[in-house]
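Have a look at the structure below before the remarks.
Numbering (our numbering), first residue to last: 88 to 177.
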């Protein structure tokens with residue numbers, strides 16, 4: 088990780104979960120749309136970001152408590168920890 092001040096949730100990651108497909112799994116089922124995609128680093132689900140109408144990844148965090156997500160956007164290499172509000176590039 089590139090940052091010095093990263094939280095324990097990010098430090099505890101041993102492998103990086105990546106998107107199987109570049110789609111929001113819930114938006115696809117509900118015929119919705121998304122802006123950007125994020126992948127949960129606990130369970131591997133890929134969902135839409137907070138700029139998207141339904142904000143599925145934040146809802147997933149509130150439902151599950153899974154703390155860390157990564158960008159699933161091609162060319163982006165970063166992590167976000169919800170509870171600690173920590174951003175880290177890799």
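Even for Gly, the Cβ is constructed at its ideal location relative to N, Cα and C.
Predicted model only: the values in this text are computed from it and were never measured.
Checklist entry - Which of helix, strand or coil does DSSP assign to residue 136? => result Your numbering for residue 136 matches position 49 in the chain shown. Three-state DSSP puts residue 136 in coil, outside helix and strand.
Checklist entry - residue 176 bridges to which residues according to DSSP? => result Here residue 176 refers to the residue found at position 89 of the chain shown. DSSP lists 165 as partners of residue 176.
Checklist entry - Is residue 124 helix, strand or coil by DSSP? => result Locating residue 124 in the chain shown gives position 37, where the first residue counts as 1. Strand, per DSSP.
Item to check | Contacting residues, own chain, Cβ-Cβ under 6 Å from residue 126 (five flanking each side not counted) | outcome: Residue numbering aside, residue 126 sits at position 39 when the chain shown is read from its first letter. Around residue 126: 104, 106, 133, 157, 159.
Checklist entry - With DSSP run on the structure shown, which of helix, strand or coil describes residue 89? => result Translated into positions along the chain shown, residue 89 becomes position 2. The pLDDT assigned to residue 89 is 46, lower than 50, so where the model puts this residue is not dependable; a value taken from the coordinates is nonetheless given after this. Here residue 89 sits in coil by DSSP.
Item to check | Euclidean distance between Cα positions of residue 161 and residue 175 | outcome: Taking the chain shown and counting its residues from 1, one reaches residue 161 at position 74. Taking the chain shown and counting its residues from 1, one reaches residue 175 at position 88. Each residue's alpha carbon lies about 17 Å from the other.
Item to check | Buried versus exposed, by CB contacts within 10 Å (16 or more), residue 122 | outcome: On the chain shown, residue 122 is found 35 positions in, with the first residue counted as 1. Exposed, because fewer than 16 other Cβ atoms sit within 10 Å of the Cβ of residue 122.
Item to check | Nonlocal neighbours in the same chain, by C-beta distance under 7 Å from residue 152, ignoring five residues either side | outcome: Walking along the chain shown from the start, residue 152 turns up at place 65. Nothing meets the Cβ criterion.
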